[in-house]
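The structure appears below as structure tokens.
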Amino acid sequence: MSLKKLLKKSTPSSSISKLSTINTKILIHMNDVWASYDGKNYSLKEITLSIERGTNYAIVGQSGSGKSTLLKLINGMMNPSKGQIKVDYQTPNMNKKQFRREMSKIGYIPQSLGLVKNISVLENVLIGALPRIGTLNSLLKNFPEHEIEEAKKIIKLVGLNGKENRKTYMLSGGEKRRVAIARALMQKPILLLADEIVSELDQVTAREIMDLVADAQKRLNLTAVMVHHDMQLALEYANRVAVIKEGQKILEIGIDGDKIIDFQSGNMPQQEIMELYNNES
Amino acid sequence: MNPKNNLIIGLIIAGIIAMSYNIDANPAEFVEGLPNLAIVVKEMAEVEPDLFAIAFWSMLETIEMAFIGTVVGVVIALPLSLLAARNLNSKLIYVPLRGILAATRTFPSILWAILFVIMVGLGPFAGVLAIIMYTIGFIAKLQYESIEAVDSEPVEAVNSIGVSKLQLIRHVVIPESAPHLISQVLYMFDYNVRQTSILGLVGAGGIGFYIINYIKFFEYGKAAVFMIVVLITVLIIDFVSVKIRDKYIVKEQKGMQVKV
Ligand SMILES: Nc1ncnc2c1ncn2[C@@H]1O[C@H](COP(=O)(O)OP(=O)(O)O)[C@@H](O)[C@H]1O
Ligand SMILES: [Mg+2]
Numbered sequence: 001m002s003l004k005k006l007l008k009k010s011t012p013s014s015s016i017s018k019l020s021t022i023n024t025k026i027l028i029h030m031n032d033v034w035a036s037y038d039g040k041n042y043s044l045k046e047i048t049l050s051i052e053r054g055t056n057y058a059i060v061g062q063s064g065s066g067k068s069t070l071l072k073l074i075n076g077m078m079n080p081s082k083g084q085i086k087v088d089y090q091t092p093n094m095n096k097k098q099f100r101r102e103m104s105k106i107g108y109i110p111q112s113l114g115l116v117k118n119i120s121v122l123e124n125v126l127i128g129a130l131p132r133i134g135t136l137n138s139l140l141k142n143f144p145e146h147e148i149e150e151a152k153k154i155i156k157l158v159g160l161n162g163k164e165n166r167k168t169y170m171l172s173g174g175e176k177r178r179v180a181i182a183r184a185l186m187q188k189p190i191l192l193l194a195d196e197i198v199s200e201l202d203q204v205t206a207r208e209i210m211d212l213v214a215d216a217q218k219r220l221n222l223t224a225v226m227v228h229h230d231m232q233l234a235l236e237y238a239n240r241v242a243v244i245k246e247g248q249k250i251l252e253i254g255i256d257g258d259k260i261i262d263f264q265s266g267n268m269p270q271q272e273i274m275e276l277y278n279n280e281s
Numbered sequence: 282m283n284p285k286n287n288l289i290i291g292l293i294i295a296g297i298i299a300m301s302y303n304i305d306a307n308p309a310e311f312v313e314g315l316p317n318l319a320i321v322v323k324e325m326a327e328v329e330p331d332l333f334a335i336a337f338w339s340m341l342e343t344i345e346m347a348f349i350g351t352v353v354g355v356v357i358a359l360p361l362s363l364l365a366a367r368n369l370n371s372k373l374i375y376v377p378l379r380g381i382l383a384a385t386r387t388f389p390s391i392l393w394a395i396l397f398v399i400m401v402g403l404g405p406f407a408g409v410l411a412i413i414m415y416t417i418g419f420i421a422k423l424q425y426e427s428i429e430a431v432d433s434e435p436v437e438a439v440n441s442i443g444v445s446k447l448q449l450i451r452h453v454v455i456p457e458s459a460p461h462l463i464s465q466v467l468y469m470f471d472y473n474v475r476q477t478s479i480l481g482l483v484g485a486g487g488i489g490f491y492i493i494n495y496i497k498f499f500e501y502g503k504a505a506v507f508m509i510v511v512l513i514t515v516l517i518i519d520f521v522s523v524k525i526r527d528k529y530i531v532k533e534q535k536g537m538q539v540k541v
């Protein structure tokens, strides 16, 4: 049941987060995390959150609120100035060899998608397999047959059948997002980080892409952390939504059974959510 | 036009007059020399067609030299350009390498040819080595500049997959910087054919050897045959490389415009 449906039918009641206890199901944990690009201004402040495996976690907030920064912290592209982060029991840091191995299992899709535009769809998707390929073979672009088969299967799965040899710069915005998702899936990820990948799309295409992610997530038991601009989409697809404002998490709601829980305060936030929801839609 | 611009133009004109005195440039001599040109042109007009066969074969040798020089130069230049790119290496590597590359470009290929004639003796091999040197300096510079201009977004995104640096270079940096390479290499070949045509002046092989010798002995009619062959060849190469460039590069840009 989606958060949106629950919001419409549930009645106010108070409940306490069950996640405050230690939980082995937790994939991502942040404790009082602060982050800064220049050492003076903090783009994120006092961020504490836990994300369970298999969750579709949405991060919503205005432009400049710190959403992209939060994703960069999770995959180790940026280090916090203060506080602890654990992802799959490890501290993210892209310069540490050990975490680089972990990064091969984190499918990160930046806002710009980061596709290589002068190569084909298939070649872009195969990039996701590179951590599994030896140096010599990857220099020769010599991928094992089973990886090529896998890539083709994923290309079909994301709806780009027949376009595997198309150069990436020739694709539409929606198709490019499918390629980025396919590259991430090719990594055989345990975690998907997606930064506003549907923000610039029309409603129909945005939903197609979201359905695609939701479907892959279910089949692969993926955890997904997705940044959204649109509250409505977040409520529809996520089982947890965190709202960030000026670097701080001001609200975090989720489903517990068939009730909505405010994980930020422990109170049912019906009023506030409905306001947010109405403002955005 | 404002007073400042007038002043600058005035200074440039004054400078040209002063420098002309310094280099003994005398327009009167140019005018007096025109009849001499007429004599040369008249003698050149008496071309000796039996020489066309030799001219053709020596032009072929020239093209072969330019071709080998361009290909080998490019093959050496590409790995060097990766090492000279600031976004891929530490200062310790790219600073000295850029210095060496700049030095190879400082000498025009004819100076390199003199050096190699001294080293390996007269003949086309010295010329090929000269072309290789110049090509390395030139193509490596153009390539490290396009590597440095590669979009950082795909580099960061793929780096976050946890790939190795070599993989990143092979699968992102090279494909993103390669599209300019075809047109750079074509231009280089075009340029090298012209350069190779004059390397014979210093005994480094190619068609220039015949031209300089006939001119030395005032056989302008014979020299003319060879110069005509050079002219036609360069025009053909120019035409062909424009066609190739249009085919590969313009089409790609159009593709980008059609679908955004
Ligand atoms: N590379 C950067 N250098 C300096 N400041 C940055 C950089 N990236 C983001 N910021 C700043 O950090 C804040 C949060 O940015 P970001 O996480 O990109 O926000 P969002 O993704 O929510 O739009 C903003 O104030 C932004 O100006
Ligand atoms: Mg952002």
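Protein chains in written order, with the working numbering: chain V, 1 to 281; chain A, 282 to 541.
From the three backbone atoms N, C-alpha and C, an ideal C-beta is built for every residue, glycine too.
Quick one: using the 10 Å Cβ neighbour count with 16 as the cut-off for buried, is I119 of chain V buried or exposed?
Burial call: buried.
By the DSSP assignment, the beta strand (DSSP E) with H29 of chain V in it spans what residues?
Residues I26 to S36.
Using a Cβ cut-off of 8 Å (strictly closer), state whether L130 of chain V contacts chain D.
The structure shown has no chain D; the protein chains it does contain are V and A.
Indicate the three-state DSSP secondary structure (helix, strand or coil) for E280 of chain V in the structure shown.
For E280 of chain V, the predicted model reports a pLDDT of 46, less than 50, meaning its position is unreliable; a value from the coordinates is still stated below. The answer is helix: DSSP assigns E280 of chain V an H, G or I state.
Give a yes or no on whether the minimum CB-CB distance between L100 of chain V and chain A is below 8 Å.
Strictly speaking, residue 100 of chain V in this sequence is Arg, with Leu absent from that position. Yes, its Cβ sits closer than 8 Å to a Cβ of chain A.
Give the straight-line distance between the Cα atoms of I381 of chain A and S362 of chain A, rounded to the nearest whole angstrom.
About 12 Å.
Would you check if the distance between the CB atom of D471 of chain A and the CB atom of I412 of chain A is smaller than 8 Å?
Not a contact, by the Cβ cut-off of 8 Å.
Excluding the 5 residues flanking V401 of chain A on each side, which residues of the same chain have their C-beta closer than 8 Å to its C-beta?
For V401 of chain A, where only same-chain residues beyond five positions count, the Cβ hits under 8 Å are A407 and L410.
Please classify M300 of chain A as buried or exposed, where buried requires at least 16 other C-beta atoms within 10 Å of its C-beta.
Looking at its Cβ environment, which holds fewer than 16 other Cβ atoms inside 10 Å, M300 of chain A is exposed.
Within 10 Å of its beta-carbon, does V431 of chain A have 16 or more other beta-carbons around it, so buried, or fewer, so exposed?
Buried.
Is it buried or exposed for I22 of chain V, if we count other Cβ within 10 angstroms and need 16 for buried?
Confidence in I22 of chain V is poor, its pLDDT being 48 and thus under 50, which makes the residue's placement unreliable; the coordinate value appears in the next sentence. I22 of chain V should be labelled exposed.
Closer than 8 Å by C-beta to I127 of chain V: which residues in its own chain qualify, once you throw out the five before and the five after it? Chain order, please.
Excluding sequence neighbours, I127 of chain V sits near V116, R183 and M186.
Does the contact criterion of 3 or more C-beta pairs under 8 Å hold for the stretch 93-105 of chain V versus the stretch 442-452 of chain A?
A contact exists between the stretch 93-105 of chain V and the stretch 442-452 of chain A.
Indicate, with yes or no, if ligand 2 has a heavy atom lying under 7 Å from the CB of D230 of chain V.
Checking the Cβ of D230 of chain V against ligand 2 gives no.
Since I believe G114 of chain V is in contact with A438 of chain A (beta carbons under 8 Å), could you give me their beta-carbon distance rounded to a whole number of angstroms?
2 Å between Cβ atoms; contact.
Please report the Cβ distance between I59 of chain V and L70 of chain V, rounded to the nearest whole angstrom; I am assuming they are in contact, meaning their Cβ atoms lie under 8 Å.
Sure, about 6 Å apart at Cβ, within 8 Å.
Look up A242 of chain V in the DSSP assignment and say whether it is helix, strand or coil.
Strand at A242 of chain V.
Check for me: the alpha helix (DSSP H) holding V322 of chain A runs from which residue to which?
Its alpha helix (DSSP H) spans residues P308 to A326.
Rounded to a whole number of angstroms, what is the C-alpha to C-alpha distance between K152 of chain V and L122 of chain V?
Looking at the two C-alpha atoms, the distance is approximately 7 Å.
Could you pull out every unbroken alpha helix (DSSP H) segment of at least 4 residues lying fully inside the stretch 356-424 of chain A, listed in chain order?
The stretch 356-424 of chain A contains these whole alpha helix (DSSP H) runs: 372-387 and 390-401.
Starting from D211 of chain V and walking both ways along the alpha helix (DSSP H), at which residues does that stretch end?
From DSSP, the alpha helix (DSSP H) with D211 of chain V extends over Q203 to L220.
Does the beta carbon of E434 of chain A sit closer than 8 Å to a beta carbon anywhere in chain V?
It does; some Cβ of chain V falls within 8 Å.
Could you tell me which chain V residues have their CB closer than 9 Å to the CB of R379 of chain A, listed as they occur along the chain?
Here the premise fails: no neighbours, minimum Cβ distance about 25 Å.
For the stretch 138-148 of chain V against the stretch 189-199 of chain V, do three or more pairs of beta-carbon atoms, one drawn from each stretch, fall closer than 8 Å, so that the two count as touching?
The stretch 138-148 of chain V, when compared against the stretch 189-199 of chain V, does not touch it at the 8 Å Cβ threshold.
Could you name the residues whose beta carbon sits closer than 5 Å to any heavy atom belonging to ligand 1, keeping them in chain order?
Qualifying residues, in the order they occur: V:Y37, V:S43, V:S63, V:G64, V:S65, V:G66, V:K67, V:S68 and V:T69.
DSSP on K82 of chain V, reduced to helix/strand/coil?
In the structure shown, K82 of chain V sits in a strand (DSSP, three-state: E or B).
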